[in-house]
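Novice: Starting off with a structure, shown below.
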Amino acid sequence: MSSSGWRGALLLLLGCALAGCTSESSPYKYTVVFSQCNNSEPYRAAQNAAMKKLWGEQPDVHLVVMDAQQDSVRQIAEIETAIRMKPQLLIVAPNERAPLTEVMKSAMEAHIPVLCLERDIAEPFYTSWIRVDNRAIGRLLGQFVVTCLAKKYGEPRGNIVELAGLKGVEAEANRKLGAHDVWDTYPKIKVVGEAVANWSQSLAKDRMTELLSAVPQIDVVYGRNDPMAVGAYLAARERDREKEMIFVGIDGLAGEAGGVSKVQEGVLAATCIYPLCVDKAVEIGTHILHDSSFTPDKTYTISSALVTADNAATFYK
Amino acid sequence: MIDKFWKYLKYHGQPFIGLVLILVLGTVLSPHATDGTIVFLSPGNLTDVLLQQSEIGIIALAMTFVIIGAGIDLSVGSVLAFSACVTALMLMVWNPHGPTALQVAIAILAASVGGALIGALNGFVITRIRLQPFVMTLATMIGVRGFTKWLTGNVNVDLGFDATPSGRFAELFSSKPFAISLWLSLAIVAHLILTRTVYGRYLRAIGENERAAAYTGLPVRKVRLAAYIGCGLLAAWAGLIHAARSHQGNPNDGIGYELDAIAAVVIGGTALAGGRGSIIGTVTGTLVLGLLTNVLRLHMVDSNLELMIKAVIIIAAVWLQRRNTGVHGEL
Amino acid sequence: MLACRDIHKHYGGVAALKGVSWSLLPGEVHALCGENGAGKSTLARIFCGITAANSGEIIFNGQPVNWTGPQAARQAGLGIILQELDLFAHLSIAENLAIGNTRMESGSWVSPAALHEAARPLLRDVGLELDPELPLENLSVSQWQLVAIARVLGLNAKVIFMDEPTSALTDDAVERLFGLIRRLKERGVTIVYVSHKMNEIFRICDRVSVMRDGEMIGTDVCAATSIEQVIQQMVGRTMTATRRKKIATPKESFLEVRNIFTRKLRDVSFTLGRGEILGVAGLVGSGRSEIGRALFGRSPVTQGSMILEGRDFKPLTPHDAVSRGVALVPEDRQREGLISGMSIRQNTSLASLSKYSRASWIDREGEATAAKEALANCRTKLTDLELPVGSLSGGNQQKVLLAKWLLTNPRICFFDDPTRGIDIGAKDDIYRLVAELAEKGLGVIWVSSELPELLVNTHRILILHEGRSLGILDSPNATQEDIMRLATGHPALS
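Residue numbers (this note's numbering), protein chains in the order written: chain B, 1 to 317; chain Z, 318 to 648; chain F, 649 to 1142.
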């Protein structure tokens, strides 16, 4: 390379050195790192907003939010880097169970308190897991579906189509199990189709379109989160078949695009409020930061509620 | 000896400048940990980067050979996913009798053979049927991905924990010493092959001027085929590390890895036109990319901004290289 | 009307032109001679804006000019036809003729019909009877050269520099070119004829200037000087006139080519003995290079057979041919001969690398020693073997090519126009080398367009015409007329 190139590089170096000198030490007493698995899901965007608001009320806390863009390998690398920063608290919403297990173990070994948010990992390498009983939610919805089918046909029978989220996630497995706990006892209630839509509304719309062609008679669409249920609704509406079935989802987020509003509009027959878990996380986290003798429980379970057309107004925010 | 070193640096020094710049930038801008240490330079952080880059690093080594031979291989990301899934399936689903070491060995063998066969397929079609490398490896990229999804039923295959063979495998193959020394030793071997063996010389000749090389009686087809087999094999080995680190075989992983590998090769000074290039450059390019990502992450820069910055670096690197007019460097 | 004053040019530490002052008259054909490295091509490039001088000035029509690039020089009316032709293989003839020609590129739209029309008269001028739609890659080297000349004519140049224009042309094409030059002269165009070929210079040029080692030695009117004097000025010493060489008689034949057919050859047969030098003559497109390709496995033999040292010889790739001891020095040094980005050492050892390696590990010392030795045998004066071959002169490049093949210890050497574009000193070296090879017992096949060269240096000459062999003459008894008669398709008078 020519000498002018070397000179240019040298100048750049000097500039950086000067810039470096001016960076001061942090005014914050505590650093909290929140590793979010995917910012683009509405549920998770709501979690981020809640995190920022709640932690923002504590002026001595610096909150850092990392977005792994639904890539487990990326999340692993981000947490590895976060560990180097030696934060006082690490909150993780893991993308998948198995991949994130080892790295959270490393965080624990580095003496960083780890809160596992909503989803869990393969082994309990965390200080606390703040969860929602997904199986109970599944059962709640399952029972609701049975009631609806009984009303429609006079007896509990019908065809159900399921839209599943990421397979490696605890919520997915338990929401399915909970519903099946109820349905398996009714021989005339059958699951006639299942597709994986990875929690995404657009994927769900595509998968539902395929299912509509494949299955002649559908009574219930069980989307394991609201966006997927809504996506299915849109697909059915394109075929003018939305009146022949009901759509149920889970999340129950606030706002116009949220599940509660969709129930009020009549798009969804029911949804279950899926708590963000953030309130509890911040509460426990604050205790951990300020009180060194505080030993949190291994698991905190937060309860849910069924939202239907009857009570939607009370839940709407 | 020192003389040769300065001459080499003068003609091939661009990637090193990038590396030094990033190191200095990273150090100067580095946050300080709560106990005052410079996070960026901490051995833990630097070895983190080496571990995080080991997969791309290994793939990039083989990609260097393919590109020097005036070819390209877009299928490496899919081969990585394929290898990770085959490994996971062998360890979790197929249970022969025997000690852990045997089971792990068989899994590695299956993945390696699979990767090498895919590479051979690429090489065969490119050299005999004369399909363009871009086109053929694009097709393989899609085909292997589909095959992997079919093989696993589009479901992730999680590895176990503790003392199970898969758990042991994951522990060993994701450890820093293993991944880093695998990358390093492959880099050394690759460097020696490229600069000191007959094969390396033939590859560079063929990449620069295939006609003249053919007219010199060089075995053009065999040399190219070997480069593609090597690429498939090394992508498979990178897949082993990937399976261990993510603790699963995920048929949807590895997307975009081929572009990262090519970016590392290009930043390192290898020309896409073929004929010139070096392993040292590729390793440097891989490190530049990894350290850059690390610096950005330490500063919690928006991950989307990260991609744009990467693009700028690639353009800058290639632009700087245009002024390079040295002879095929031998060190 | 075109002149230069005190031009200096150096590349790195090497001085290519040392204070050259020179002038041209309108409407003359002016020869520029010198050995390779004398600076003729550099001077031509500076005049045509391809390179810039370090100091000194160029004066055109009384005004000093400063070209910003070749385009500027072209607009002013200076055209150059380079030795290494800068044409585009994948474009058609018509498209190549149009490139850089702003008249043809008026507006953004290029109509193929318009290109076709514009191409026709130019092609007729140079005597190329081809469809302008043909892509250039289908043409032979000599045809490329004619297209290059046609292109310059299309630019309506006032001064045309021709750098070794006849190096790839056969005699009849040269005649057409001379006719063209005379016509241009009548139109008032000045032609600078850069060449080594004394006969041509004294036939077509009005004045001749000699350069040596970057300096302009002198300018004379051709009628007032002689070939010997010019050569003396070029070389700085007297040369022995080319006389029939003493070559040892060949021994038993060890290569038999029987009735072979390939894509271009029809029923060609010949034998080659140990220590024999067989010349191959013929017009452009007669299939001379095709014989080499057939022997080297690049062109499949569809009928007939080849027998080498008593065993069947059917090479499918050059690799096969090399392992049976066949070496091929191709016509196109740049595209087919050398790897220009690699060093001299690397190029020299490339065909025989397995000898300097153990289990694929290259023994650099052994390789360097062997390369030095081989290059010395070829009478090169190269000291730094690490330089890229692309930086060498044509003559030295050819010698590196020869050295490369000699290291493979071949039994048969096929030379395709080995002395093209090479100065007299180097040519002499190559003649001697080939004779030495024959003495050592190698079989040599030598393709050339220079008939005097063939007559003097070979034992027999095979003459091809449109893919057929029309006769094999004994060189001592043959004449140029005999060869030309057969080459143009008229069988020998008995």
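Just so it is clear, CB atoms sit at the ideal spot from N, CA and C, and this is done for glycine as well.
Verify whether the separation of the beta carbon atoms of Thr599 (chain Z) and Ala377 (chain Z) is less than 7 Å.
Specialist: The answer is yes: Cβ separation under 7 Å.
Novice: What residues of chain F sit near Val263 (chain Z), judged by a beta carbon separation below 7 Å?
Specialist: Past the boundaries of the shown model lies residue 263 (chain Z); chain Z is included only from 318 to 648, so the question cannot be answered.
Novice: Any Cβ of chain Z within less than 7 Å of the Cβ of Val822 (chain F)?
Specialist: Chain Z contact via Cβ: absent.
Novice: Which residue marks the beginning of the beta strand (DSSP E) containing Pro712 (chain F), and which one marks its end?
Specialist: Counting along the chain, the beta strand (DSSP E) containing Pro712 (chain F) begins and ends at Gln711 to Val713.
Novice: Which complete alpha helix (DSSP H) runs does the region 657-711 of chain F hold, if anything under 4 residues is left out?
Specialist: Taking only runs of at least 4 residues, the alpha helix (DSSP H) segments lying wholly in the region 657-711 of chain F are 688-695.
Novice: Over the uninterrupted beta strand (DSSP E) stretch that includes Glu162 (chain B), give me the two end residues.
Specialist: Per DSSP, Glu162 (chain B) belongs to the beta strand (DSSP E) from Gly158 to Ala164.
Novice: Starting from Glu372 (chain Z), follow its DSSP beta bridges and name the residues at the other end.
Specialist: Answer is none; Glu372 (chain Z) lacks a bridge partner.
Novice: Please decide whether Ile992 (chain F) counts as near chain A, where near means a Cβ-Cβ distance under 7 Å.
Specialist: Absent here is chain A; the protein component of the structure consists of chains B, Z and F.
Novice: Between which two residues does the beta strand (DSSP E) carrying Ala975 (chain F) extend?
Specialist: That run of the beta strand (DSSP E) goes Val974 to Val977.
Novice: At the 7 Å Cβ level, is His564 (chain Z) part of the contact set with chain B, yes or no?
Specialist: So, interface residue.
Novice: Using Cβ-Cβ distances below 9 Å, what residues of the region 381-402 of chain Z are close to chain B?
Specialist: The region 381-402 of chain Z vs chain B, Cβ under 9 Å: nothing.
Novice: Please list, in chain order, all residues of the same chain as Pro568 (chain Z) whose beta carbon is under 7 Å from its beta carbon, the five residues on each side excluded.
Specialist: The residues are Ala398, Cys402, Thr465, Lys466, Thr469 and Asn471.
Novice: Check whether the region 410-430 of chain Z and the region 482-491 of chain Z touch, using three or more Cβ-Cβ pairs below 8 Å as the test.
Specialist: Cβ pair count under 8 Å is three or more, so yes.
Novice: Opposite Pro1100 (chain F) in the DSSP bridges: which residues?
Specialist: Bridge partners of Pro1100 (chain F): none, in fact.
Novice: Assign Met625 (chain Z) to buried or exposed, taking buried as 16 or more other Cβ atoms, counted over all protein chains shown, within 10 Å of its Cβ.
Specialist: Exposed, by the Cβ-count rule.
Novice: Using Cβ-Cβ distances below 8 Å, what residues of the region 524-536 of chain Z are close to chain F?
Specialist: Taking 8 Å as the Cβ-Cβ cut-off against chain F, the residues of the region 524-536 of chain Z that qualify are Glu525, Asn526, Arg528, Ala529, Ala530, Ala531, Tyr532, Thr533, Gly534, Leu535 and Pro536.
Novice: Could you name each continuous alpha helix (DSSP H) segment of 4 residues or more that falls completely within the region 190-262 of chain B, going from the start of the chain to the end?
Specialist: Correct list: 201-214 and 226-238.
Novice: For the region 62-93 of chain B, list every residue whose C-beta sits within 9 Å of some C-beta in chain Z, in sequence order.
Specialist: The region 62-93 of chain B vs chain Z, Cβ under 9 Å: Val64, Val65, Met66, Asp67, Ala68, Gln69, Asp71, Ser72, Val73, Arg74, Ile76, Ala77, Glu78, Glu80, Thr81, Ala82, Ile83, Arg84, Met85, Lys86, Pro87 and Gln88.
Novice: Nearest to Asn473 (chain Z) by CA position, among Z:Trp323, Z:Ala405 and Z:Ser395, is which residue?
Specialist: The option with the nearest alpha carbon to Asn473 (chain Z) is Z:Ala405.
Novice: Which of the residues in the region 464-480 of chain Z, read from start to end, lie with their CB under 8 Å from any CB of chain B?
Specialist: Hits within the stretch, in order: Asn471, Val472, Asn473, Asp475, Leu476 and Phe478.
Novice: On the DSSP bridge list, what partners appear for Gly927 (chain F)?
Specialist: The partner list for Gly927 (chain F) (beta bridge, DSSP) reads F:Trp1094 and F:Ile1109.
Novice: Assuming the contact rule is C-beta atoms closer than 8 Å, Leu672 (chain F) and Ala651 (chain F) should be a hit. Round their C-beta distance to whole Å, please.
Specialist: Confirmed, Cβ separation roughly 7 Å.
Novice: Checking the sheet assignment: what are the DSSP bridge partners for Asp577 (chain Z)?
Specialist: Beta-bridge pairing links Asp577 (chain Z) to no other residue.
Novice: In the structure shown, what three-state DSSP assignment does Met887 (chain F) receive?
Specialist: For Met887 (chain F), the predicted model reports a pLDDT of 39, less than 50, meaning its position is unreliable; a value from the coordinates is still stated below. Met887 (chain F) falls in the coil class under three-state DSSP.
Novice: So Glu1015 (chain F) and Ser997 (chain F) are in contact, right, with Cβ under 8 Å, and what is the actual spacing, rounded?
Specialist: About 5 Å separates the two Cβ atoms, so the contact holds.
Novice: Cβ of Gly361 (chain Z) less than 7 Å from any chain B Cβ?
Specialist: Closer than 7 Å to some Cβ of chain B, the Cβ of Gly361 (chain Z) qualifies, so yes.
Novice: Of the residues B:Ser303, B:Ala312, B:Thr308 and B:Lys298, which one's Cα is nearest the Cα of Pro124 (chain B)?
Specialist: Minimum Cα distance to Pro124 (chain B) is reached at B:Lys298.
Novice: Cβ closer than 7 Å: which chain F residues qualify as neighbours of Ala522 (chain Z)?
Specialist: Ordered by position in chain F, the residues that pass the 7 Å Cβ test against Ala522 (chain Z) are Ile987, Met990 and Leu998.
Novice: Mapping the DSSP letters down to three states, classify Ile1070 (chain F) as helix, strand or coil.
Specialist: It is coil, neither helix nor strand.
Novice: When you compare only the Cα positions, how much space is there between Ile79 (chain B) and Gln994 (chain F)?
Specialist: The alpha-carbon atoms of Ile79 (chain B) and Gln994 (chain F) are separated by roughly 50 Å.
Novice: Alpha carbons only, please: which of F:Gly923, F:Arg906, F:Thr910 and F:Val905 is nearest the one belonging to Lys899 (chain F)?
Specialist: The shortest Cα separation from Lys899 (chain F) among F:Gly923, F:Arg906, F:Thr910 and F:Val905 belongs to F:Gly923.
Novice: Closer than 9 Å between beta carbons: that is the criterion. Which residues of the region 593-607 of chain Z meet it against chain F?
Specialist: The region 593-607 of chain Z vs chain F, Cβ under 9 Å: Arg593.
Novice: Out of curiosity, what's the CA-to-CA distance linking Tyr153 (chain B) and Ala235 (chain B)?
Specialist: Rounded to whole angstroms, Tyr153 (chain B) to Ala235 (chain B) spans 24 Å at the Cα level.
Novice: Could you check how far apart the C-beta atoms of Thr910 (chain F) and Ser947 (chain F) are, in whole angstroms? I think they sit under 8 Å.
Specialist: Right, the Cβ-Cβ distance comes to about 5 Å (below 8 Å), so this counts as a contact.
Novice: Would you be able to state if there are at least three C-beta pairs under 8 Å between the region 982-991 of chain F and the region 954-970 of chain F?
Specialist: Not touching, per the Cβ criterion.
Novice: I need the straight-line Cα distance from Leu1134 (chain F) to Val583 (chain Z), nearest angstrom please.
Specialist: Approximately 56 Å, taken between the alpha carbons.
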